[in-house]
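Trainee: Below you'll find the structure I mean.
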Amino acid sequence: MDASGVLAIAREVQIPLLAVLLIGGCAAKARRALGARSIDAGIGPTGMFPFRLQRPVAIATCLSEFGLGAGLLVTAGSLGAGGPALAVRAATVLLFGTAVAVLADLRSRRPDVGCGCFGEVSSTPVDWRTITRAALLGLAAVASIGVPPLRMPGSLTRSGVVLAVTVAELALLAVLSPEIGELMVRLGRADPCELRRVPVARTLDTLWASTAWRRYQRYLISTTPTDVWREGCWRFAVFPGILSSRRVEVVFAVYMAGRHAPVRAGVIDIDTSPPSRYSSLTVYRKSTILKNKINILSNGPG
Amino acid sequence: MTSRGSQSHGGQVRRKAHVCAGCAELADSGPSARYARRALLRAAVFDNPVFDGREQEFWSTQRPTAPSVVTGVLTEVTPRAIVVARPEGEQFVALSPSTVTWLGAKVSPSALRPGDPVIVRRRTHRLVPGEPGHDEAAAANAANAANAAVGAAAASIAERIWARIGRVAGEILQVRGAELLVDTGQHGREPERVVIAEASLRHVQVRFPRLTPGYLIDVIGTRRGDGRLLAVTPATAQPPYLAAHPPAPPPSGGYDGGPISGSAVWHEPGDEPADLLGLGYAALDPETEGEPRSGPGAAGDPHEPCARLPYLSLGSAVRVSNDCSERAAVLPVTSCSASARQFCDRCVKCGTSPRARIADLTMAAFVELGGNLEDGCFNATLTLAG
Chain Y
6 MDASGVLAIA
16 REVQIPLLAV
26 LLIGGCAAKA
36 RRALGARSID
46 AGIGPTGMFP
56 FRLQRPVAIA
66 TCLSEFGLGA
76 GLLVTAGSLG
86 AGGPALAVRA
96 ATVLLFGTAV
106 AVLADLRSRR
116 PDVGCGCFGE
126 VSSTPVDWRT
136 ITRAALLGLA
146 AVASIGVPPL
156 RMPGSLTRSG
166 VVLAVTVAEL
176 ALLAVLSPEI
186 GELMVRLGRA
196 DPCELRRVPV
206 ARTLDTLWAS
216 TAWRRYQRYL
226 ISTTPTDVWR
236 EGCWRFAVFP
246 GILSSRRVEV
256 VFAVYMAGRH
266 APVRAGVIDI
276 DTSPPSRYSS
286 LTVYRKSTIL
296 KNKINILSNG
306 PG
Chain F
56 MTSRGSQSHG
66 GQVRRKAHVC
76 AGCAELADSG
86 PSARYARRAL
96 LRAAVFDNPV
106 FDGREQEFWS
116 TQRPTAPSVV
126 TGVLTEVTPR
136 AIVVARPEGE
146 QFVALSPSTV
156 TWLGAKVSPS
166 ALRPGDPVIV
176 RRRTHRLVPG
186 EPGHDEAAAA
196 NAANAANAAV
206 GAAAASIAER
216 IWARIGRVAG
226 EILQVRGAEL
236 LVDTGQHGRE
246 PERVVIAEAS
256 LRHVQVRFPR
266 LTPGYLIDVI
276 GTRRGDGRLL
286 AVTPATAQPP
296 YLAAHPPAPP
306 PSGGYDGGPI
316 SGSAVWHEPG
326 DEPADLLGLG
336 YAALDPETEG
346 EPRSGPGAAG
356 DPHEPCARLP
366 YLSLGSAVRV
376 SNDCSERAAV
386 LPVTSCSASA
396 RQFCDRCVKC
406 GTSPRARIAD
416 LTMAAFVELG
426 GNLEDGCFNA
436 TLTLAG
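If you want it as structure tokens, here you go:
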């Protein structure tokens, strides 16, 4: 197959590709609108229109995308050949041309807003990639003008070329799509421990099974914590105790990851005064800390 | 503006029972001193200079200070200096031609009146005869007995003064003409009344086109004698979603344990001391600090509606950096921030921040870090301990 044959196939591929992208864009916008119970929610460029026009513009954008996508499919074959196909493809060129201008304007006027092209995954602020993608799709629409009615590939070679052109174009679009990164993130790993909600009871179970607890339990006068709080992956629990005839507080820090999580402990004189008012990291000298020897290095992190 | 108040049959304002983004009751967690003591208790465990290779500043027990901020009430205004009454005593601050004064707009210092609550960012100026500002500083120092000992060496010169400044952020409950009733989401607080200044109405509506019940608003203005806020400028752009239907939380894969970038905003002191250095945080541990306000309408995980932030508690220390001024400070978490849970917006003060309010700073902390209160936000980076 010569170059002109490949070029002809590439032009044919644009029609279903554009149709899928347009219908997909409309579906993603509709999904976001349904989720937010607001038809104009999250659709970036509509924010540049006067308020009374935002909702109609949002609806018109979605409907025009769906209409053009469906129109491209309907007129792709012999059914709408000629005038209807030309009209739909010319309208698609107009749509993407307008999109390029609007995105460039959006980038300068609202640099914090995403394009909203594919709903909530298009929240990344508009950059050169988004604009280039719209321009590329506009060129694809231009290339589709004049393409004869589509037919099924007649040979294995032709099918292979269709597949190769499609994959290459999708790869190029993926490079130009910030939505891909957002989708990859959404499909990413489970919550890290800092973001994971952990019941206090589970933390205490881990604590009671630890070496630090066994070592300090004999100094405690109560096994009910007087304060429990959390900082990222660490949860702290404070217990009243007596050490060397002095009232102390024993504080345990439990790392909230796995069954054999590291546990650290420290002891502080209970007579150490808290600050007179809550302005926070105040007034303590390290000498007030009686003992701080129990860093459980055998099972500590690192 | 039309009046579209949300009324019940009895004519009472209908309070939503499902404000999922608000803050829980924290009073039953104990007195504030207990939170402050957590720093000491934390230090008892992690008093190890090589702990995990992390910086020791997170485990410091030193109180954060704001040397460049003065908060209080004006007692005297002269062409060359102002006097600010604080709990510790009066503070004289010299004025200079470059001093910027804000009272609903940039005004001359002569517009200030005794009794105005003010917050001042000052710079300490070494007194060298003949330098610009020397006369003003010297005059202020001469009048300041408390500074007499150091008066020959340095004086305070006001860089910026904000008078009667206030801010209201939350869900619009009711609209009556130019007056709005706004639920700030803070437990135990009455809804705030906001009056939009007539001259600013169009300006506010450009950024907040939906001044209707159910949508969010965040405006800055001046506090009037009756407690209402006279809004003069929008603090951000209006989120497109209803307050009861915030966007789904982003995936946890976006969190890598490193510094978190976003927007730092500020809030009025409320019950806090005016000079408190700290921040409101959106992701307080619901197991120990109380559940966020939620109800039948709350959907999904109430952890946070916008950014994925690690769970922390009151008293936790974080480092907040102002990316626009390259100033940073380690600050304690001092409150739950309803605004940070409700607003999924960006700051474009210097570049475009990711979409998240990562810190809701006290006014003193915001000013100390170089923020200008009338701007509403600055681009920030949050670094956590552990």
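The listed protein sequences correspond, in order, to chains Y and F. Our numbering applies: residue 6 is where the first sequence begins, and numbers increase by one. Our numbering applies: residue 56 is where the second sequence begins, and numbers increase by one. From the three backbone atoms N, C-alpha and C, an ideal C-beta is built for every residue, glycine too. In this text the structure is predicted, and so the values were computed from the model without any measurement.
(1) Among all the DSSP beta bridges, which residues are the ones paired with Asp110(Y)?
(2) Given 8 Å as the limit, is there contact between the stretch 146-153 of chain Y and the stretch 93-109 of chain Y, that is, 3 or more CB pairs closer than that?
(3) Could you check the C-alpha separation between Glu143(F) and Val125(F) for me, to the nearest Å?
(4) Within 10 angstroms of the Cβ of Met418(F), are there 16 or more other Cβ atoms? Answer buried if so, exposed if not.
(5) Can you pull the chain F residues whose beta carbon is under 7 Å from the beta carbon of Leu178(Y), in chain order?
(6) Give the residues of chain Y in contact with Thr343(F), contact being defined as C-beta atoms less than 7 Å apart.
(7) Could you name the residues that DSSP lists as bridge partners for Gln229(F)?
(8) Starting from Ser53(F), find everything on chain Y with Cβ-Cβ shorter than 9 Å and list it in chain order.
(9) Measuring only the C-alpha atoms, how far is Ile14(Y) from Leu188(Y)?
(10) How many whole angstroms separate the CB atoms of Cys402(F) and Phe421(F), which I take to be in contact at a CB cut-off of 8 Å?
(11) Since Pro375(F) is in the beta strand (DSSP E), which residue starts that stretch and which ends it?
(12) Where does Leu271(F) fall in DSSP's three states?
(13) Could you give the distance in angstroms between the alpha-carbon of Phe147(F) and the alpha-carbon of Leu158(F)?
(14) With respect to the alpha helix (DSSP H) encompassing Arg220(Y), which residues constitute its N-terminal and C-terminal limits?
(15) With 16 as the cutoff for other CB atoms within 10 Å, does Pro183(Y) come out buried or exposed?
(16) Do you know offhand how far Leu181(Y)'s Cα is from Ala254(F)'s?
(17) List the residues of chain F that Pro308(Y) touches, going by C-beta distances under 7 Å, in chain order.
(18) So, Glu331(F) versus Ala414(F), is the Cβ gap smaller than 9 Å?
(19) So, is Trp217(F) buried or exposed, given that buried needs 16 or more other C-beta atoms within 10 angstroms?
(20) Check the Cβ of Ile275(Y) against every Cβ in chain B and list those closer than 8 Å, keeping chain order.
(21) Does the count of Cβ pairs from the stretch 244-260 of chain F and the stretch 279-287 of chain F closer than 8 Å reach three?
(22) To the nearest whole angstrom, what separates the beta carbons of Ser318(F) and Asp400(F), a pair I think is in contact under 8 Å?
(23) Locate the alpha helix (DSSP H) running through Leu161(Y), then write down its first and last residues.
(24) Have a look at Thr211(Y) and Val233(Y) and give me their C-alpha separation to the nearest angstrom.
(25) Does the contact criterion of 3 or more C-beta pairs under 8 Å hold for the stretch 99-107 of chain Y versus the stretch 134-142 of chain Y?
(26) Whose CA, out of Gly10(Y), Gln19(Y), Asp7(Y), lies closest to the CA of Val172(Y)?
(27) Who are the near neighbours of Thr57(F) in its chain, counting only those whose CB is closer than 8 Å to its CB and skipping five residues on each side?
(28) Just to confirm the assignment, what range does the beta strand (DSSP E) spanning Thr436(F) have?
(29) Against chain Y, does Phe101(F) count as a neighbour if the rule is that its beta carbon must be under 9 Å from one of theirs?
(30) Helix, strand or coil for Ala8(Y), going by three-state DSSP, please let me know.
(31) Report the rounded CA-to-CA distance for Ser249(Y) versus Ala91(F), giving the unit in angstroms.
(32) Quick one: what does DSSP say Phe257(Y) is sitting in, helix, strand or coil?
(33) In chain order, which alpha helix (DSSP H) runs of at least 4 residues are fully inside the stretch 245-295 of chain F?
(34) How many Å lie between Leu142(Y) and Gly280(F) at the Cα?
(35) Can a CB atom of chain Y be found closer than 9 Å to the CB of Pro324(F)?
(36) Run through chain F and tell me which residues come within less than 7 Å of Ala270(Y), C-beta to C-beta.
Mentor: Put simply:
(1) Its beta-bridge partners do not exist; DSSP assigns none.
(2) yes
(3) 11 Å
(4) buried
(5) Chain F residues near Leu178(Y): none, gap ~22 Å exceeds 7 Å.
(6) Val205, Val233, Trp234, Arg235
(7) For Gln229(F), the beta-bridge partners assigned by DSSP are Leu236(F).
(8) One cannot answer for residue 53(F) here, as it falls past the ends of chain F, which runs 56 to 441.
(9) 30 Å
(10) The pair is not a contact, with the Cβ atoms about 12 Å apart (cut-off 8 Å).
(11) The question names Pro, but residue 375(F) in the sequence shown is Val. 372-377 is the span of the beta strand (DSSP E), which, as asked, contains Val375(F).
(12) strand
(13) 19 Å
(14) 216-221
(15) buried
(16) Approximately 44 Å, taken between the alpha carbons.
(17) What the structure shows of chain Y is the stretch from 6 to 307, and residue 308(Y) is not part of that stretch, so it cannot be assessed.
(18) Correcting the residue identity first, residue 331(F) is Leu in this sequence and not Glu. For Leu331(F) and Ala414(F), no; Cβs fall outside 9 Å.
(19) buried
(20) The structure shown contains no chain B; the protein chains it does contain are Y and F.
(21) Taking 8 Å as the limit for Cβ pairs, the verdict is that the stretch 279-287 of chain F does touch the stretch 244-260 of chain F.
(22) Taking 8 Å as the upper bound for CB-CB distance, Ser318(F) and Asp400(F) are in contact here, some 7 Å apart.
(23) 161-180
(24) So the alpha carbons of these two residues sit roughly 14 Å apart.
(25) The stretch 99-107 of chain Y makes contact with the stretch 134-142 of chain Y: 3 or more CB pairs, one atom from each, lie closer than 8 Å.
(26) Gln19(Y)
(27) Low confidence applies here, because Thr57(F) scores a pLDDT of 37, under 50, leaving its location unreliable; read the following figure in that light. Within the same chain, Thr57(F) has close Cβ partners Val230.
(28) 432-439
(29) yes
(30) helix
(31) CA-to-CA, the gap between Ser249(Y) and Ala91(F) works out to about 26 Å.
(32) strand
(33) 256-262
(34) 58 Å
(35) By this cut-off, Pro324(F) is not an interface position.
(36) Val100
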